[in-house]
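Number of protein chains: 2
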Amino acid sequence: MAVTIKDVSAKCGLSISTVSKAFNNYADISAETRELVHRTAREIGYYPNAIARTLKTNRSYNLGVLFQEERGTGLTHSFFASVLDAFKSEAEKHGYDITFINHNISWTGMTYLEHCRYRNVDGVCVVCANFYAPEVVELVASDIPVVTIDHAFSNRSCVLSENIEGMKALVAHAAALGHRRIAYVHGEHASVTENRITGFYRGLSEHGIEANPEYLVDSVYDSPEAGAKAIKQLMQLPEPPTCILMPDDHTALGALAAAAELGLRVPEDLSIGGYDGSRITQMTHPRITTVVQDSKCMGKQAALYLIDRIENPRTAGSEMGMIPTKLLAGESIGPVPERK
Amino acid sequence: MAVTIKDVSAKCGLSISTVSKAFNNYADISAETRELVHRTAREIGYYPNAIARTLKTNRSYNLGVLFQEERGTGLTHSFFASVLDAFKSEAEKHGYDITFINHNISWTGMTYLEHCRYRNVDGVCVVCANFYAPEVVELVASDIPVVTIDHAFSNRSCVLSENIEGMKALVAHAAALGHRRIAYVHGEHASVTENRITGFYRGLSEHGIEANPEYLVDSVYDSPEAGAKAIKQLMQLPEPPTCILMPDDHTALGALAAAAELGLRVPEDLSIGGYDGSRITQMTHPRITTVVQDSKCMGKQAALYLIDRIENPRTAGSEMGMIPTKLLAGESIGPVPERK
DNA sequence: ATCGTTTTCGGAACCGTTTCCGATCTGCGG
DNA sequence: CCGCAGATCGGAAACGGTTCCGAAAACGAT
Numbered sequence: 081m082a083v084t085i086k087d088v089s090a091k092c093g094l095s096i097s098t099v100s101k102a103f104n105n106y107a108d109i110s111a112e113t114r115e116l117v118h119r120t121a122r123e124i125g126y127y128p129n130a131i132a133r134t135l136k137t138n139r140s141y142n143l144g145v146l147f148q149e150e151r152g153t154g155l156t157h158s159f160f161a162s163v164l165d166a167f168k169s170e171a172e173k174h175g176y177d178i179t180f181i182n183h184n185i186s187w188t189g190m191t192y193l194e195h196c197r198y199r200n201v202d203g204v205c206v207v208c209a210n211f212y213a214p215e216v217v218e219l220v221a222s223d224i225p226v227v228t229i230d231h232a233f234s235n236r237s238c239v240l241s242e243n244i245e246g247m248k249a250l251v252a253h254a255a256a257l258g259h260r261r262i263a264y265v266h267g268e269h270a271s272v273t274e275n276r277i278t279g280f281y282r283g284l285s286e287h288g289i290e291a292n293p294e295y296l297v298d299s300v301y302d303s304p305e306a307g308a309k310a311i312k313q314l315m316q317l318p319e320p321p322t323c324i325l326m327p328d329d330h331t332a333l334g335a336l337a338a339a340a341e342l343g344l345r346v347p348e349d350l351s352i353g354g355y356d357g358s359r360i361t362q363m364t365h366p367r368i369t370t371v372v373q374d375s376k377c378m379g380k381q382a383a384l385y386l387i388d389r390i391e392n393p394r395t396a397g398s399e400m401g402m403i404p405t406k407l408l409a410g411e412s413i414g415p416v417p418e419r420k
Numbered sequence: 081m082a083v084t085i086k087d088v089s090a091k092c093g094l095s096i097s098t099v100s101k102a103f104n105n106y107a108d109i110s111a112e113t114r115e116l117v118h119r120t121a122r123e124i125g126y127y128p129n130a131i132a133r134t135l136k137t138n139r140s141y142n143l144g145v146l147f148q149e150e151r152g153t154g155l156t157h158s159f160f161a162s163v164l165d166a167f168k169s170e171a172e173k174h175g176y177d178i179t180f181i182n183h184n185i186s187w188t189g190m191t192y193l194e195h196c197r198y199r200n201v202d203g204v205c206v207v208c209a210n211f212y213a214p215e216v217v218e219l220v221a222s223d224i225p226v227v228t229i230d231h232a233f234s235n236r237s238c239v240l241s242e243n244i245e246g247m248k249a250l251v252a253h254a255a256a257l258g259h260r261r262i263a264y265v266h267g268e269h270a271s272v273t274e275n276r277i278t279g280f281y282r283g284l285s286e287h288g289i290e291a292n293p294e295y296l297v298d299s300v301y302d303s304p305e306a307g308a309k310a311i312k313q314l315m316q317l318p319e320p321p322t323c324i325l326m327p328d329d330h331t332a333l334g335a336l337a338a339a340a341e342l343g344l345r346v347p348e349d350l351s352i353g354g355y356d357g358s359r360i361t362q363m364t365h366p367r368i369t370t371v372v373q374d375s376k377c378m379g380k381q382a383a384l385y386l387i388d389r390i391e392n393p394r395t396a397g398s399e400m401g402m403i404p405t406k407l408l409a410g411e412s413i414g415p416v417p418e419r420k
């Protein structure tokens, strides 16, 4: 069925090796021959078989993407989906396809690394996972090129979002509007979270606000329910906060609903901040004040680092890309209400 | 670096073919030998190389996923992301990985079909594309197993969402609340849209409501901006609708904001309906009344059809899965306001 | 005409598997 | 003790390419 290199070689009366070399731009092929080969290839619709090529060259032009499985969200998570989309586009622009690396149920029980070898991926982008899991560590310690997103390993390239600055800017924005009782409901522990907490505290101290431990609430990402719970908990404090910063936009959306349930107007009675800069923040009423993470840039940069590492194994070093964040002021953080 | 079948054969003093057969459960291998092979394989960490296996067997255990490229949304679209996620999970459960099929810029200009052959995918799931594009038709007409989502080709398996019934149910819900001036802002033309329009008209006629051509607005999916524009246009009619159904939940969210801008309360002054049943509908205030599409089920079913077709080429026919939809009543469609 | 050099091409091994087919060995009835 | 069937295993070709290396041809210089 499929047309192979043999068909091309037969059709133009050349040897297989000559056709192969013509296709791979070897120097010892005359211009006319090269032209002939390409022409007949086009005629009979020949494309080199990636599988055979990979077997021989050990280059698959396939990049692995490691997504966490623990939480159900997967591809549904808008921030990661956006990062992935950009990664994919950039990879494809360079001739790479992508495959997901994971070990779902009923699979032969391969580790991430084994899966990578099994599929011969040229490199892996670890987008979102428990970076401390032994399996991830094993992968990162292997000889396979790796780039990580939002987590830095030594001697591995990574792309980081400027979380400290982003959070600081958000706190500064709230402080500028007079808020001093600012709470932060944060997500699971990870580099991202730690940086945001750092940014949160720095933002507070830069505005001379004393940190109140009760205002730092342990919660999870991407859970409007948990967000709502946190809100209710915070608002029952003897001295409730006037501004609550949520771990992400989805949770902030849930917080808006929770506030409405409590009979609180946003931002007149309570200010709420999000994080990520997803599209929905601009569709709500009030629009959610958030910190935009440049997910497109992050995904693209990760692809560039990884491909560079793959194609220039000796010259390419381990880069660290810091992608700036940007405050997007909506209406959900308003002036602090008069003290009653 | 990688450990091959040779290492296993050397380690247990058996021939390569024996090891291979032991791994593939051939009958002419004694139980002890099989056990020995598996044990030493586990010891030295051997996994068969998928590439070599594919080259020989012409089975890649890789499924292609065809996503549209025209609109920027890509993976970001929550409905498709959800379908894809379910498809992926089910595929992985059966030992398949997935790769995206497309023809992005700077690529050698392969068609979808050529890309499929290039990567030796065992089958393709066409999730979201222009089903009338020549390239898609070429793929569907090929010998590669194909399953389509939300579009039916003859003699190809497909998974359809019950759009007619879903839309009818939504109209019925509005009618039950007294609405008779119901508008529908629909997305681009595709099977989905046509079915929904059909359902819309049937719903109207079943409740004795005469269709008003001005109440059917041509718009696009997933565009809050376009949604907002449509709302404003509709509300300027001499007899504006009391209930507006949007093409999807994101657009409905945009419509909510647009209504707020116009000073209209939802649902007191204007009712708005969504479609898809995405998570955000339950996080807004008011919650958006929508039609839930069972995206998980759709993705899973598509994977099952495709794999069945691949693994049982003769017995498997072309199936058509109709996935039921469910009305999810929020608060965004309320009783019709008193005629002023 | 001879020789060395450069250009251009083909032969063949190899990548890691699968699988057909033949070889060996065992047990058993006659 | 022979022959034969069944059980086990190994040899080798093949999948579709790449790439090393040698051979042939062409060419220029002497």
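In order, the protein sequence lines correspond to chains A and B. Heads up: the first sequence is residues 81 to 420, going by the numbering used here. Heads up: the second sequence is residues 81 to 420, going by the numbering used here. Ideal Cβ placement from N, Cα and C applies to all residues, glycine included. What you are looking at is a predicted structure, and each value in this text was computed from that prediction instead of being measured.
Quiz prompt | With 16 other Cβ atoms within 10 Å as the buried cut-off, status of residue 283 of chain A | solution = Within the first sequence, residue 283 of chain A is the residue found at index 203, counting from 1. Buried, by the Cβ-count rule.
Quiz item: Nearest CA to the CA of residue 336 of chain B: which residue from B:366, B:357, B:143 and B:313?
Solution: Counting from 1 along the second sequence, the entry for residue 336 of chain B is found at position 256. It is B:366 whose Cα lies nearest to the Cα of residue 336 of chain B.
Quiz item: Should residue 363 of chain A be flagged as near chain B, meaning a C-beta pair shorter than 7 Å?
Solution: Against the first sequence, residue 363 of chain A aligns to sequence position 283. It does; some Cβ of chain B falls within 7 Å.
Quiz item: Could you give the distance in angstroms between the alpha-carbon of residue 227 of chain B and the alpha-carbon of residue 237 of chain B?
Solution: Residue mapping note: residue 227 of chain B aligns to position 147 of the second sequence, counting from 1. Residue mapping note: residue 237 of chain B aligns to position 157 of the second sequence, counting from 1. So the two alpha carbons sit approximately 5 Å from each other.
Practice problem: Could you tell me which residues DSSP pairs with residue 298 of chain A in its beta bridges? | Solution: Within the first sequence, the letter at position 218 stands for residue 298 of chain A. In the DSSP output, where bridge partners are listed per residue, residue 298 of chain A has A:266.
Quiz item: Does the beta carbon of residue 123 of chain A sit closer than 7 Å to a beta carbon anywhere in chain B?
Solution: If you number the first sequence from 1, residue 123 of chain A lands on position 43. No, no contact with chain B.
Quiz item: Do residue 271 of chain A and residue 330 of chain A have their CB atoms nearer than 7 Å?
Solution: Counting from one through the first sequence, the residue named residue 271 of chain A turns up at place 191. Counting from one through the first sequence, the residue named residue 330 of chain A turns up at place 250. Contact flag unset, no.
Quiz item: Can you round the beta-carbon distance between residue 177 of chain B and residue 179 of chain A to whole angstroms, since I take them to be within the 8 Å contact cut?
Solution: Position 97 of the second sequence, counted from the first residue, corresponds to residue 177 of chain B. Position 99 of the first sequence, counted from the first residue, corresponds to residue 179 of chain A. Right, their Cβ atoms sit about 5 Å apart.
Quiz item: Which residues share a DSSP beta bridge with residue 238 of chain A?
Solution: The residue given as residue 238 of chain A occupies position 158 in the first sequence. Paired residue(s): A:228 and A:400.
Practice problem: Express the C-alpha separation of residue 342 of chain A and residue 315 of chain A in angstroms, rounding to a whole number. | Solution: Along the first sequence, read from residue 1 onward, the residue named residue 315 of chain A stands at position 235. Along the first sequence, read from residue 1 onward, the residue named residue 342 of chain A stands at position 262. About 9 Å.
Practice problem: Please compile the residues from chain A whose C-beta is within a distance smaller than 7 Å of the C-beta of residue 57 of chain B. | Solution: With chain B covering 81 to 420 only, the question about residue 57 of chain B has no answer from this structure.
Self-check item: Contacts of residue 180 of chain B in chain A (Cβ-Cβ under 7 Å)
Solution: Counting from one through the second sequence, the residue named residue 180 of chain B turns up at place 100. Within chain A, the residues near residue 180 of chain B are 168, 177 and 178.
Quiz item: Taking 7 Å as the CB-CB limit, is residue 354 of chain B close to chain A?
Solution: Translated into the one-based positions of the second sequence, residue 354 of chain B becomes position 274. No - not a single Cβ of chain A is within 7 Å of the one on residue 354 of chain B.
Quiz item: So, do the region 139-150 of chain B and the region 192-211 of chain B have three or more beta carbon pairs nearer to each other than 8 Å?
Solution: yes
Practice problem: Look up residue 162 of chain A in the DSSP assignment and say whether it is helix, strand or coil. | Solution: Position 82 of the first sequence, counted from the start, is the residue given in the question as residue 162 of chain A. In the structure shown, residue 162 of chain A sits in a helix (DSSP, three-state: H, G or I).
Practice problem: Identify which residue in A:191, A:172, A:181 and A:183 has its Cα closest to the Cα of residue 189 of chain B. | Solution: Start at 1 with the first residue of the second sequence, and residue 189 of chain B comes out as number 109. Among A:191, A:172, A:181 and A:183, the Cα nearest to that of residue 189 of chain B is on A:172.
Practice problem: Below 7 Å CB to CB, which residues in the same chain sit around residue 407 of chain B once its five sequence neighbours on both sides are set aside? | Solution: On the second sequence, position 327 is the one that residue 407 of chain B refers to. If we look at residue 407 of chain B and ignore the five residues flanking it on each side, its Cβ neighbours are 249, 250, 253 and 371.
Self-check item: Stretch-stretch touch, CB-based, cutoff 8 Å, three pairs: the region 239-246 of chain B with the region 398-412 of chain B
Solution: yes
Exercise. For residue 34 of chain A, collect the residues of the same chain with a Cβ closer than 6 Å to its Cβ; drop the 5 residues on either side in sequence, then sort them by chain order.
Key: A question about residue 34 of chain A goes unanswered here, because the residues of chain A that appear run from 81 up to 420.
Quiz prompt | Residues near residue 347 of chain B in its chain [Cβ-Cβ closer than 7 Å; skip 5 each side] | solution = Residue 347 of chain B sits at position 267 when you count from the first residue of the second sequence. Result list for residue 347 of chain B: 366, 411, 412, 413 and 414, in chain order.
Practice problem: For my contact list, residue 155 of chain B and residue 155 of chain A are in at a C-beta cut-off of 8 Å; report their separation, rounded to the angstrom. | Solution: Position 75 of the second sequence holds residue 155 of chain B. Position 75 of the first sequence holds residue 155 of chain A. 6 Å between Cβ atoms; contact.
Practice problem: Flag residue 35 of chain B as yes if its beta-carbon sits less than 7 Å from any beta-carbon of chain A, otherwise no. | Solution: Outside the displayed range of chain B (81 to 420) lies residue 35 of chain B, so it cannot be described from this structure.
Practice problem: Please name the residues in the region 137-166 of chain B whose beta-carbon is closer than 8 Å to at least one beta-carbon of chain A, in chain order. | Solution: 140, 142, 154, 155, 156, 158, 161, 162, 164 and 165
Quiz item: At which residues does the beta strand (DSSP E) containing residue 313 of chain B begin and terminate?
Solution: Residue 313 of chain B sits at position 233 when you count from the first residue of the second sequence. Counting along the chain, residue 313 of chain B falls outside any beta strand (DSSP E), though it belongs to the alpha helix (DSSP H) covering 304-315.
Quiz item: Can you check whether the CB of residue 113 of chain A is closer than 7 Å to the CB of residue 91 of chain A?
Solution: Numbered from 1 along the first sequence, position 11 holds the residue referred to as residue 91 of chain A. Numbered from 1 along the first sequence, position 33 holds the residue referred to as residue 113 of chain A. Contact: no.
Quiz item: Given a threshold of 16 other Cβ atoms within 10 Å of its Cβ, counted over all protein chains shown, does residue 209 of chain B qualify as buried or as exposed?
Solution: The residue you call residue 209 of chain B lines up with position 129 of the second sequence. When all chains shown are included, residue 209 of chain B counts as buried.
Practice problem: Determine whether the Cβ of residue 348 of chain B lies closer than 7 Å to any Cβ atom of chain A. | Solution: Walking along the second sequence from the start, residue 348 of chain B turns up at place 268. Not an interface residue.
Quiz item: Going along the chain, which residues of the region 324-337 of chain A sit with their C-beta nearer than 8 Å to a C-beta in chain B?
Solution: 330, 333, 334, 336 and 337
Quiz item: Thinking C-alpha only, which one of A:396, A:161, A:300 and A:106 is nearest residue 373 of chain A?
Solution: Residue mapping note: residue 373 of chain A aligns to position 293 of the first sequence, counting from 1. The residue with the shortest Cα to Cα distance from residue 373 of chain A is A:161.
Quiz item: Do residue 88 of chain A and residue 99 of chain A have their C-beta atoms within less than 7 Å of each other?
Solution: Position 8 of the first sequence, counting from 1, holds the residue named residue 88 of chain A. Position 19 of the first sequence, counting from 1, holds the residue named residue 99 of chain A. A contact, by the Cβ cut-off of 7 Å.
Practice problem: Just the C-alpha distance for residue 215 of chain B and residue 195 of chain B, rounded to the nearest angstrom, thanks. | Solution: In the second sequence, counting from the first residue as 1, residue 215 of chain B sits at position 135. In the second sequence, counting from the first residue as 1, residue 195 of chain B sits at position 115. Rounded to the nearest angstrom, the two C-alpha atoms are 11 Å apart.
Practice problem: Taking only beta carbons into account, state which residues of the region 367-401 of chain B come closer than 7 Å to chain A, listed in chain order. | Solution: none
Quiz item: Can you give the Cα-Cα distance for residue 345 of chain B and residue 339 of chain B, rounded to whole angstroms?
Solution: Along the second sequence, one-based indexing puts residue 345 of chain B at 265. Along the second sequence, one-based indexing puts residue 339 of chain B at 259. Going from the Cα of residue 345 of chain B to the Cα of residue 339 of chain B covers about 7 Å.
Quiz prompt | Which of helix, strand or coil DSSP assigns to residue 373 of chain A | solution = Counting from 1 along the first sequence, the entry for residue 373 of chain A is found at position 293. DSSP places residue 373 of chain A in strand when its eight states are reduced to three.
Self-check item: Per-residue DSSP class, three states only, for residue 351 of chain B
Solution: In the second sequence, the residue the question calls residue 351 of chain B occupies position 271. The answer is strand: DSSP assigns residue 351 of chain B an E or B state.
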